[in-house]
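In terms of UniProt numbering, the sequence shown has 704 at position 704, counting the first letter as 1, and numbering is strictly consecutive.
Below is one structure; the comments refer to it alone.
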Amino acid sequence: MRLQSAFAARAERVAMEHRVVERLAGVRPVLAPAGWSDAQIEAWLDWIAAQGLSDETGDWLDGGVDAWAAGLARTGLSEGVFDAAQAAVFAEDLTAVIKLGLAAPARSGAAAAGVVDLNDPGAAAVLADHGGRRTAARLGAQAAQALADALAGVADAVDRCEGPRGDCGDPSRNPALGRAAALARRCGASDADILRAVDGERLLPDLSPAVESPPLVALADRTQIAAGAPEALLAARAALDGGLILAFEPRDAEAATAPATARMVIDLAAVTALDGETADDLAALTRLLTTALDLASPTPGVLTLGLEGLLEAVAPLGEAGMARAQALAALVAATAGETSADLAAIRGAAPDWDDVRATAQDTQVARCEALKDSADPVAAAALMALNAKSRPRRHSAIGLFVDDAEARLRLGRGRIAAVDLFQTADGEIGRRLHPALAAALSAAGGDVQAAERHVFGRRTLVEAPGLDHAALRALGFTDIELAAIEQALAWAEDFDAVFSAPVLDPGFIRDVLGIEDGDGLLLTLLGVSDEAEAAAARWVFGHGDLATWPEAPPAVAALLADPEGAAAALRHAVAPFSDLADIAPEITHWRTTAGQAARLMGQAALDGRRAIRLQRAEPPARPLLTLPAVETAARPEPAREAPRPAERVVERVVERERARRKLPDRRKGYIQKAAVGGHKVYIHTGEYEDGELGEIFIDMHKEGAAFRSLMNNFAIAISIGLQYGVPLDEFVDAFVFTRFEPAGRVTGNDSIRSATSILDYIFRELGVSYLDRDELANGEAEALDGDGLEGAAPQGQAVPAARFISKGFARGSAPDNLVVLPFGKKTEPETRAAAGGEAVACPACGDFTLQQRGGGWTCDTCGAAPAPAPAPVSALKGGDQG
């Protein structure tokens, strides 16, 4: 078998460069073609590692491609397929094909589980059993993942806890653990599993991809499916998850059950872009790949050469593109058949060739009839290959369809859509109009830039319909805000990210627009109509596709409107030249019903398709249901004798939407000064009229500006949460026992003597003061002196009210002679001399607690003993004040 070098010389002109890629072992350089993206390089390295060919000391791509080609050449040499010289040519050309991006090996295709005839009375039971097993496997995997995540949450709740190990592992003392354990129990975990997770035992997740069970092939009558017979609904129910292939011909049904071990993908767009005759290059490539696939497969069987880049190859040809696609497919099939016959003469024909000989000859005649009227130049070469004498082949079937996302990635191909993602020279990911659509539009005389503006938008509000700069100025926006908006439109995807902080200053939103940031969508609150906002959004961000572009040339309007549908039409057009049906899954909406699936199957039968396989799309990752809160029913208490009913107040709970509860403009609270580890901390609190905490402020003394700003913003966040109804308990449980510097001894606080961090001290103080959480206090309570740091008043002594009531807050409403009297049972009886007369005002403190003690006077409040005796009480009464 002779091979002529067709690609090695061209590969020498490919520019190579060292690229830095991220692998499991770390980041390292790799030599690869300069035009390849990082994702393409990593996909090739993954394939090389899976084949066991990786050698970091080798040439480009770690020497994996060279090792793969050399291994196949040695096999061909040992099998007598070619001599040593031809083996060297084969290895060089195969390596060059990969470097040029013309082809990529694909993974082996799994054979179908079997064939069931829908006219068989037992078909319903077979389909139900098959679908049930697949559904059970899918739901079981989801349940196992949810259970593993819940148990991991239990272990994390213990690990994140700061405190004694026993308290951290007790759900009653660790609220986070209690919530995580309750969730794990709802997910199906036993208490033993939860306790093991508390002890630190973790489930190691299985990172290997789940292996799906092979699909089942259902043989159906085309007429019945097209007419919507009951068999169509029966098949639709089993086909929704991709577990059923519906075939209309016995040959296609049987072929789907054969394992496809030899598969390769050809990039037709890259082949047509070579500097040479397309027919000659494609024939040489097909001959080379057919030989490589046969050498890679130990036994003869089904051979598949998938056609990728079909739309990109023929889109610039316009209406002639369909004929070119059929000619390319026919040439690949005919050349592969001729090469297979040459290999059969050396290595032996397929065991079942005699069974398929007649069918192969009939198929060859039908393909010649389909191409005889074609004016495409490639069709002539295909007809010449098809008219060759029929000989035994090494492969009983040659397919042209491969559904392998990884192989497409190794070729640098993605999904067909108006928007194409690409990697720029500096490694950034950009968006562009799909090159195939741009080429087709340019060939039809259309404006590519206008199409890009329709898809991606203009990224400016200048002259935008409904919401331009003039409209924004009328709403109160200035040039400063407009400049910030225009800058943000370059990267934003919607107006919500633009008309909000931090693009707009929060002070501008609050003071100028009169809106609190976070109260809702800014444009809606400003009165901008939905129609005006939608029109401006289309002007700025584009439509995302060309389906509604009014300037589309008629010749390519259908292609631009639905490029994915155009690619599917091309696959359907080349299907007659493939021995195997196209069974790539047709992705439907994730909520497709059985009735809708039956209609899709009926349409496929009417269109003459050989087989169809449906698969629902993955549902969105976001929550799809808004469920009402359901309270867990409490365990029933044992029956007890009902007590005699007493008077009670009946309350009616009225649920209302959570809104921000504003603090009064003049509010009460307190200021606590303390030092944590030598760092002074001032806590300011603000309270509602009922005494509930509504805000805090945290000031640090002589700290860095960054840390002080961080603490200030943290206090603002806590205050907003309190005003929106977050219980103070939640904050206290979340932040006590946090550990960072400064920490240590606390001075200046009568209840807290040590803290593990500033946050630990702050929320201990709030918990003790507002929640009566005495377990958070770690110091003996004592009354503070006026400086807030030392000293205590003797027990049982009256304390001036000025210590606890702000004179400025009261605005003179409270008299100066108020005192706070100690209450409670006295430990020892106190004998006190009877005071003669009534108490008078003390000249030292002003309280009316100055009493006569023997021959002198003593103040019961401050203890002062003024030297001059005051005037008798009787002298202060009556009309003579002089």
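All C-beta atoms in this analysis are idealised placements derived from N, C-alpha and C, irrespective of residue type, glycine included.
What you are looking at is a predicted structure, and each value in this text was computed from that prediction instead of being measured.
query                                                                                                                                                                                        : result
Given a cut-off of 7 Å, decide if residue 104 and residue 473 are closer than it, judged by their beta-carbon atoms.                                                                         : no
Does the Cβ of residue 672 have 16 or more other Cβ atoms within 10 Å, making it buried, or fewer, making it exposed?                                                                        : buried
For residue 670, which of 683, 678, 663 and 660 has the nearest alpha-carbon?                                                                                                                : 683
Taking 6 Å as the cut-off, is the beta-carbon of residue 700 closer than that to any non-hydrogen atom of the ligand HEM?                                                                    : The ligand HEM is not part of the structure shown, which contains no ligands of any sort.
Relative to the C-alpha of residue 676, which candidate in 703, 324, 161 and 664 has its C-alpha closest?                                                                                    : 703
Does DSSP classify residue 746 as helix, strand or coil?                                                                                                                                     : strand
I need the DSSP call for residue 187, collapsed to helix, strand or coil.                                                                                                                    : coil
Which same chain residues end up closer than 8 Å to residue 138 when comparing Cβ atoms and leaving out the 5 residues on each side of it in sequence?                                       : 241
In three-state terms, what does DSSP make of residue 791?                                                                                                                                    : The pLDDT assigned to residue 791 is 44, lower than 50, so where the model puts this residue is not dependable, and the model offers no usable value.
Just verifying my parser: in three-state terms, what is the DSSP assignment at residue 142?                                                                                                  : helix
CB residue 581 to CB residue 252, shorter than 7 Å?                                                                                                                                          : yes
Three or more beta-carbon pairs under 8 Å between the region 497 to 504 and the region 513 to 527, yes or no?                                                                                : yes
Taking its Cβ as the centre, do 16 or more other Cβ atoms sit within 10 Å of residue 575, making it buried, or is it exposed?                                                                : buried
Note the first and the last residue of the continuous beta strand (DSSP E) segment covering residue 420.                                                                                     : 419 to 423
For the pair the region 305 to 313 and the region 399 to 406, tell me if three or more CB-CB distances fall below 8 Å.                                                                       : yes
Measuring CA to CA, which of 622, 515, 697 and 437 is closest to residue 451?                                                                                                                : 437
Where do the N-terminal and C-terminal ends of the beta strand (DSSP E) with residue 410 fall, by residue?                                                                                   : Segment 405 to 410 is the alpha helix (DSSP H) holding residue 410; no beta strand (DSSP E) there.
Could you give the first and the last residue of the continuous beta strand (DSSP E) run that contains residue 697?                                                                          : 693 to 700
Please work out which residues of its chain come closer than 7 Å, Cβ to Cβ, to residue 884, disregarding the five sequence neighbours upstream and downstream, and give them in chain order. : Residue 884 is absent from the model: the chain starts at 1 and stops at 882.
Assess contact between the region 46 to 54 and the region 62 to 81, defined as three or more Cβ pairs (one per stretch) separated by less than 8 Å. Is contact present?                      : yes
Buried or exposed for residue 761, please, with buried defined as at least 16 other CB atoms from any protein chain shown within 10 angstroms of its CB.                                     : buried
Please state the DSSP three-state secondary structure of residue 77.                                                                                                                         : helix
Strictly by DSSP, which residues pair up with residue 29?                                                                                                                                    : 20
Measuring CA to CA, which of 851, 31, 32 and 39 is closest to residue 428?                                                                                                                   : 39
So, using beta-carbon positions, are residue 112 and residue 257 closer together than 7 Å?                                                                                                   : yes
I'd like to know whether the C-beta atoms of residue 349 and residue 298 end up nearer to each other than 7 Å.                                                                               : no
Can residue 15 and residue 34 be called in contact, C-beta distance under 7 Å?                                                                                                               : yes
Could you spell out where the beta strand (DSSP E) holding residue 105 opens and where it closes?                                                                                            : 103 to 105
Here's the rule I'm using: 16 or more other beta-carbon atoms within 10 Å means buried, otherwise exposed. How should residue 757 be labelled?                                               : buried
Quick one: give me the first and last residue of the beta strand (DSSP E) that residue 266 is part of.                                                                                       : 262 to 267
Looking at the secondary structure, which residues open and close the alpha helix (DSSP H) in which residue 853 lies?                                                                        : No alpha helix (DSSP H) contains residue 853, which is instead part of the beta strand (DSSP E) from 850 to 853.
Excluding the 5 residues preceding and the 5 following residue 114 in the sequence, name in chain order all residues of the same chain whose CB lies nearer than 8 Å to its CB.              : 216, 217 and 257
My guess is that residue 395 and residue 417 are in contact by the Cβ rule of under 8 Å, so how many angstroms apart are they, rounded?                                                      : The pair is not a contact, with the Cβ atoms about 34 Å apart (cut-off 8 Å).
To the nearest angstrom, how far is it from the Cα of residue 775 to the Cα of residue 768?                                                                                                  : 8 Å
How many whole angstroms separate the CB atoms of residue 281 and residue 6, which I take to be in contact at a CB cut-off of 8 Å?                                                           : 7 Å
Out of 481, 90 and 615, point me to the one whose CA is closest to residue 506's CA.                                                                                                         : 481
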